[in-house]
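Notes follow the structure.
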Amino acid sequence: MKIERKSTSQFIVDKILEQIENGELVCGDKLPPEREMAEMYGVSRVPLREAICALSIMGIIESRQGGGNYITGFKPGVLGRILRTYSMLDHSFFEELFVARREIEAIAARLAARNIELEEIEKLREAKAQFHEAVENITHGQYEYEKMNEADDMFHLGIAAASHNSFYIEFVALLHRAGYSHEDVRRTYETHKEYYKKADEFHGKILEAIAAGDEEKSYELMAGHIDDIFADVSENQAKYSNLEIDIKI
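Using our numbering, the first residue of the sequence shown is number 46, and each one after it goes up by one.
Now the structure itself:
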């Protein structure tokens with residue numbers, strides 16, 4: 046995967062987070078005015094405002110009307126917001142998110158093949174069946190992006206739970222949902238609903254490998270599933286970008 050250069054807005058986000066990590070900025074500190082910050086970082090005010098907005102969404106900065114911007118305390122759930130916001134700010138981070146998701150979910154699948162119990166296999170079969178039903182319903186005009194994601198979540202999180210490692214459960218949840226919140230992923234699946242059928246086929250193969258206790262096959266199939274998603278999204282991004290260029294011309 047090609048890693049692109051960071052956007053200006055992400056550069057500013059990184060610098061502010063670095064200052065917080067180093068103790069240069071602490072909870073309650075007021076940030077300098079926009080003009081001073083723009084000069085400090087050598088940027089224009091547009092990406093600066095975008096970075097401030099992103100940090101506000103993360104819960105790192107609080108904007109007070111007429112009172113400026115302040116550093117806040119680190120709140121629960123902020124990691125998920127950071128992942129979602131970074132993936133929207135910079136496509137290179139979006140690519141890195143998929144690299145991380147590929148490895149983490151593949152390892153979780155391998156551990157699930159090793160540790161899964163009979164009761165968990167049945168739960169996984171139920172989650173797979175619900176996703177399959179949701180895919181079949183698309184042909185009847187019954188489609189909602191959020192509901193498809195919920196059905197997909199049940200299967201992927203079921204595998205993470207079967208790994209019997211609480212860290213994988215948390216990381217899979219964060220990475221999975223951060224990816225699906227990205228506009229390019231949404232656009233891809235809303236434009237090509239047939240991609241859900243490919244996902245359903247992967248789910249079936251992954252489930253059977255895990256149920257059979259085949260650790261390496263479970264790893265390879267899950268890695269292939271995530272690679273396939275990334276390839277579809279990347280291809281759709283390229284087509285959409287070319288369409289935008291044609292329209293502008």
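We put the beta carbon where it would ideally sit given N, CA and C, even for glycine.
Item                                                                                           : Value
Alpha carbon of Tyr190 to alpha carbon of Lys242, nearest angstrom                             : 14 Å
Asp74 and Ile116 closer than 8 Å at C-beta                                                     : yes
Straight-line gap, Ala179 to Glu148 (C-alpha atoms, nearest Å)                                 : 27 Å
Residue from Glu228, Leu70, Ala154, Met193 with nearest C-alpha to Ile214                      : Ala154
Reference Ser263; option with closest CA among Leu252, Ile271, Asp272                          : Leu252
First and last residue of the uninterrupted alpha helix (DSSP H) at Glu171                     : 163-183
Close beta carbons around Thr311, own chain, < 6 Å, minus the five adjacent residues each side : Because the chain in this structure spans residues 46 to 294, residue 311 falls outside the shown range and cannot be described.
Leu202 to Ala223 span [Cα, whole Å]                                                            : 14 Å
Residue from Ala205, Arg90, Ala268, Glu69 with nearest C-alpha to Ala157                       : Ala205
Unbroken beta strand (DSSP E) run spanning Ser108, endpoints                                   : 106-109
Own chain residues within Cβ distance below 8 Å of Asn281, not counting five before or after   : Asp229, Arg232, Thr233, Thr236, His237
Ala207 vs Ile274 beta-carbon contact at 8 Å                                                    : no
Test item: CB-CB of Asp198 and His221 under 8 Å                                                : yes
Rounded C-alpha distance that separates Glu150 from Leu100                                     : 28 Å
Burial state of His227, where buried means 16 or more other Cβ atoms lie within 10 Å           : buried
Simplified DSSP assignment, three categories, for Ile188                                       : According to the sequence displayed, residue 188 carries Tyr and not Ile. Tyr188 falls in the coil class under three-state DSSP.
Length of the line joining the Cα atoms of Ser211 and Val217                                   : 10 Å
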